[in-house]
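If you count the sequence shown from 1, position 312 lands on 315 in the working numbering, and the numbers rise without skipping. For every residue, glycine included, the Cβ atom is placed at its ideal position computed from N, Cα and C. Quick caveat: nothing in here was measured; it's all calculated off a predicted structure. So the structure is just underneath, and the comments pick up after that.
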Amino acid sequence: MTSSIYIAGKWRPALDGAVREIRSPADGTLVATVSDGKIEDALAAIGAARSAFDSRVFSSWSWNDRSSLLAKIADLLERDAEIIAHLESGDTGKRIIESTYDVADVAATFRHFAKLASAHHDRSVDSGLPHVTSKMTYEPIGVCSLIGPWNYPLLQISWKVAPALASGCSFVLKPSELTPSTAIHLIKLIEEAGAPEGVANLVTGSGAAFGDTLTSDPRVDLVSFTGGLPTGKRIMIKAADTVKRVALELGGKNPNIIFADAPLDEAIDFAVTAAFLHSGQVCSAGTRLIVERPIHDQIVNEIVRRAKQIRLGGPNDLTAETGPLISEGHLKKVEEYLAKGLEEGAKLLVGGSRCTSEELSQGWFFPPTVLDDCNTNMYCVQEESFGPILTVEVFDTIEEAIKIGNDTIYGLSGAVWSTNPITCERVSSELRHGTIWVNDYGPYKPQAEWGGFKASGNGRELGEHGLQEYLEIKHIWVNNSPTRSGWFADRN
Ligand code: TXE
């Protein structure tokens, strides 16, 4: 779709006419051609969002009406689920079944925020004075720049778009330049559901070209971003000049801690999934396996055996269990990361070099890889590879397990496996990460807040806080019987 920029209710090409080809990471085939927006397009989109917001065309809707809009969008997502899943798999190379699960989660996200919106109300505050009413009102923050990543393209932007609409904001959406197709479809559904012109705007194109415009323009009130740490830091700097609210989800380096008394069969099975699901391109991937020394060999041997069996392939390969990395650049980054780990002394147990078989050589496939003999001083333990690389560390005491699990600049998620409730309670309370799973790995719910401690980001998405992020809070004090204050003497 070469007119994939949507501003003030109209689809149009980039002002300079540039287009960008989207190619499948599984086999290099052309899956879409989209507009390649630039600064001028972003400025126009911000202008449209600002005008729509200032006109109150949408913020004046009742909470119930906005709730109905979100429910309608959820219905349309479910109606188009198959189309959307194919678009998502085309851009990302992930299996159709995974994209299908993602679309269901996206619809659930819209339903969650629809429910929150319908239940939303002002809060009265006890003024302590009979002639005064005092209340807290919740208003949309204004114009939002919503910037998404490529690993869960539609899901991650739905965590931003749904609360922005629920609260009555206007926004400019910028999906990753690698995976824009489902964002384009979502905007069509928002249009079909009846959002007023100028509320939802979309600019496709690269962050390098116009990201700074979206994050520094004075007409923008909030930036919500999911992506890499360096970009997140840059966004904070760009947003600082006009003191925008900034919400960031910047990934993690997530510990998966297994004690010797854990249910081992299940712990091993989940360790494999946590590390290799979507080829490790998951912000909450369990890429740091931390095992109690006596069970190290048993656990690692079994994970290696399982890792060797994982079948890689593109969306059209129905026997595939996981897909490719997103791009050649990302594959190279994962290769460099692995090379550093080996230089540092990590021991390669399985995987380790890109797939060159005939059926995989046209795509960016990298096999499940396990590095043993790791420790917290290593680059490969501290830095996110965002690929299918699992590092293994050992511990002897619970204190050491907690220390290792917290020895990271990130703090997104982690897990603890043990049959001892006291162990689980202590580890889950002392790990400094935004989500902790006990004898499980990976589930999340739209009703529960998601986000990170430390360098994993700012703020929370989903849950109730995920809506608060898009609201300003105002205190309205009404004196129904004003009298003089008498603070200063009136000398006349
Ligand atoms: O991310 P970028 P990249 C991590 C992961 C990965 C690394 C780099 O470790 O290897 O980040 O990935 C837009 N102003 N995660 O380079 O650049 C960009 O166009 C505003 C973790 O792909 O951060 C895209 O839409 N926006 C993560 C989005 O930022 C800018 C998911 C993300 O791209 C911009 C993805 C700028 N100056 C990667 N420059 C997670 N938390 O789940 C780029 N962008």
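Only residues of its own chain outside the window of five on either side were considered, and among them 70, 73 and 74 have a CB closer than 6 Å to the CB of residue 117, listed in chain order. In this structure, residue 12 sits near residue 201, with a CB-CB distance shorter than 8 Å.
Non-local beta-carbon contacts of residue 422 in its own chain, meaning distances under 7 Å to residues more than five positions away in sequence, involve 264, 265 and 266 in chain order.
Between residue 446 and residue 111, the gap from beta carbon to beta carbon reaches 8 Å or more. The ligand TXE never approaches residue 56 closely enough for any of its heavy atoms to be under 7 Å from the residue's Cβ. In this chain, the alpha helix (DSSP H) harbouring residue 239 covers 232-243. By the neighbour-count definition (other C-beta atoms within 10 Å, threshold 16), residue 218 is a buried residue.
Of the residues assessed, residue 481 falls on the exposed side of the cut-off, its CB having fewer than 16 other CB atoms within 10 angstroms. Judged by DSSP in its simplified three-state form, residue 258 adopts strand. The continuous alpha helix (DSSP H) containing residue 67 extends over residues 66-82. Counting the other Cβ atoms within 10 Å of the Cβ of residue 479 gives fewer than 16, which makes it exposed. Beta-bridge partners of residue 9 (DSSP): 14 and 205.
Under the DSSP assignment, residue 53 falls in the alpha helix (DSSP H) whose first and last residues are 42-57. Assigned with DSSP and collapsed to three states, residue 478 falls in strand. The alpha-carbon separation between residue 398 and residue 411 amounts to approximately 16 Å.
Taken in chain order, the complete alpha helix (DSSP H) segments of 4 or more residues contained in the region 146-171 are 156-170. Taken atom to atom, the span from the alpha-carbon of residue 29 to that of residue 368 is near 7 Å. Counting the other CB atoms within 10 Å of its CB gives residue 61 a total of 16 or more, which places it among the buried residues. Distances from the CA of residue 44 to each of 33, 285, 215 and 156 were compared; the closest alpha carbon is that of 215. Of the residues 495, 467 and 491, the one whose Cα lies closest to the Cα of residue 122 is 467. Residue 4 sits close to residue 187, with the two beta carbons spaced by under 8 Å.
Across the structure, residue 469 and residue 463 are spaced so that their CA atoms are roughly 6 Å apart. For the 8 Å CB-CB criterion, residue 358 and residue 370 form a contact.
Residue 256 and residue 413 do touch by the CB rule: their CB atoms are close to 5 Å apart, below 8 Å.
Separation of residue 317 and residue 365 (C-alpha to C-alpha, rounded to the nearest whole angstrom) is 10 Å. In this chain, residue 370 is not harboured by any alpha helix (DSSP H), its DSSP state being neither H nor E. The ligand TXE never approaches residue 367 closely enough for any of its heavy atoms to be under 7 Å from the residue's Cβ.
Put simply, of 305, 239, 287 and 245 the residue whose alpha carbon is nearest the alpha carbon of residue 269 is 305. Where residue 173 is concerned, there is no enclosing alpha helix (DSSP H), although the beta strand (DSSP E) around it starts and stops at 173-177. Here the alpha carbon of residue 80 sits roughly 33 Å from the alpha carbon of residue 458.
Short note on residue 95: C-beta not closer than 7 Å to any heavy atom of the ligand TXE. A buried status is given to residue 51, since no fewer than 16 other beta-carbon atoms sit within 10 Å of its beta-carbon. Linking residue 418 to residue 425 through their CA atoms gives a straight-line distance of about 15 Å. Taken in chain order, the unbroken stretches of alpha helix (DSSP H) that lie wholly in the region 262-318 and span 4 residues or more are 267-279 and 299-312.
By DSSP's assignment, residue 143 forms a beta bridge with 474. Scanning its chain for C-beta atoms nearer than 7 Å, with the 5 sequence neighbours on each side dropped, one finds around residue 334 the residues 328, 357, 367 and 369, in chain order.
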